[in-house]
Amino acid sequence: MPNVCRRILYHRLMVLNSDARFNKGLIENCQRDIGKFCQSEIIDQDSDDKDSDEDDGDNDDKDTDKKDDPNPSPNTDENGDVKDREMGGRIIQCLRSKYADTTITLESPCVSELIDVIQTSKLDIKLDIRLYQSCRKSLNINGQCVGMDQEDCLKILYQQGKLEDDDCKEQVKRIIREGQADIHVDRALSFACQADVLKYCNDIPIGKMNKIYAMNYSLNFAFQEVENNYNAY
Numbered sequence: 001m002p003n004v005c006r007r008i009l010y011h012r013l014m015v016l017n018s019d020a021r022f023n024k025g026l027i028e029n030c031q032r033d034i035g036k037f038c039q040s041e042i043i044d045q046d047s048d049d050k051d052s053d054e055d056d057g058d059n060d061d062k063d064t065d066k067k068d069d070p071n072p073s074p075n076t077d078e079n080g081d082v083k084d085r086e087m088g089g090r091i092i093q094c095l096r097s098k099y100a101d102t103t104i105t106l107e108s109p110c111v112s113e114l115i116d117v118i119q120t121s122k123l124d125i126k127l128d129i130r131l132y133q134s135c136r137k138s139l140n141i142n143g144q145c146v147g148m149d150q151e152d153c154l155k156i157l158y159q160q161g162k163l164e165d166d167d168c169k170e171q172v173k174r175i176i177r178e179g180q181a182d183i184h185v186d187r188a189l190s191f192a193c194q195a196d197v198l199k200y201c202n203d204i205p206i207g208k209m210n211k212i213y214a215m216n217y218s219l220n221f222a223f224q225e226v227e228n229n230y231n232a233y
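Quick note: the UniProt record's numbering has the sequence shown finishing at residue 233, numbered continuously throughout.
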């Protein structure tokens, strides 16, 4: 794939993940859930036009250089970085937080769209706009996350109490809760257990840790079967 095409595609993914208004599938399939759970995040157009200046782009980020994009998005700053605009960004964050809340049930089509958004953001931490903006300083400290998955690195730093930025801590807690929502959100776990999920949990509805519970039950059952067979001899 040519570099120009790759950069434009990467940039479009950033826009879709940061602003719900540009994600037609999300808006159509989550419309009722947005009205039910995220109505307070919807603001009028006049207020939305006043974009926040606090989300300045990273001047060293060459992957999203809009010079290569003949049709730059209105949702970007002068450096080509995506701005998490008020309404669009808040709606996506609201829906993601509701998905991670096991006490709340979102409609299945909306869950499918959110899983797509979350899985896409796992490809590159920069595709999770809020997480990247809140934690990029922590990622750069002493190069402690170089050479490993940056989300996993942030989770480890959080568990070790090494994250000092409060906003970063909140975003890391959010992705931890998302990972606990079900196996599909954790790409490493989902890939490693794909065959077992299809074998034991294919008919289990996603969400609310249903498949994780089913996998754990199947694992315990398998261990019990092995133990019973061993004792029989």
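The C-beta atom is built at its ideal place from N, Cα and C for all residues, glycine as well.
- Between isoleucine 115 and valine 185, the C-beta spacing is below 8 Å.
- Taken in chain order, the complete alpha helix (DSSP H) segments of 4 residues or longer contained in the region 86-129 are 86-100, 108-121.
- It is roughly 8 Å from the alpha-carbon of lysine 122 to the alpha-carbon of aspartate 128.
- If you check the CB distance, cysteine 38 and isoleucine 91 come in under 8 Å.
- Shown here, glycine 25 sits in a helix according to DSSP, grouped into three states.
- Taking lysine 98 as the centre and dropping the five residues before and after it, the same chain places the C-beta of Asp33, Phe37, Cys38, Ile104, Leu106 closer than 8 Å to its C-beta, in chain order.
- Taking a contact as a CB-CB distance under 8 Å, the pair aspartate 196 and methionine 215 counts as one, their CB atoms being some 6 Å apart.
- In the DSSP annotation of this structure, the continuous segment of the alpha helix (DSSP H) that includes isoleucine 34 starts and ends at 31-37.
- Under the three-state reduction of DSSP, asparagine 3 is assigned to helix.
- For glycine 179, the uninterrupted alpha helix (DSSP H) segment begins and ends at 166-181.
- About 5 Å separates the CB atoms of cysteine 168 and serine 134; that is less than 8 Å, so the two are in contact.
- For the pair proline 109 and asparagine 23, the CB atoms are not nearer than the 8 Å cut-off.
- Around the beta carbon of lysine 137, fewer than 16 other beta carbons lie within 10 angstroms, which makes this residue exposed.
- For isoleucine 156, the uninterrupted alpha helix (DSSP H) segment begins and ends at 150-159.
- Rounded to whole angstroms, the separation of the alpha carbons of serine 112 and glycine 179 is 15 Å.
- Excluding five sequence positions before and after glutamine 150, the CB atoms of its chain that fall closer than 8 Å to its own CB belong to Ile125, Leu139, given in chain order.
- Taking the C-beta atoms as reference points, lysine 162 is found no nearer than 8 Å to isoleucine 176.
- Classified as exposed, cysteine 5 has fewer than 16 neighbouring CB atoms from the shown chains inside 10 Å of its CB.
- Of the residues assessed, alanine 20 falls on the buried side of the cut-off, its CB having 16 or more other CB atoms within 10 angstroms.
- Per DSSP, the unbroken alpha helix (DSSP H) holding aspartate 196 starts and ends at 194-200.
- By the criterion of a C-beta distance shorter than 7 Å, glycine 25 is surrounded in its chain by Glu113, once the five residues flanking it on both sides are discounted.
- Per the coordinates, the alpha-carbon of glutamine 93 lies some 16 Å from the alpha-carbon of leucine 13.
- With distances taken between CA atoms, glutamate 164 lies nearest to Ile141 out of Ile141, Met148, Val146.
- A residue is called buried once 16 or more other Cβ atoms fall within 10 Å of its Cβ, and tyrosine 158 is buried on that count.
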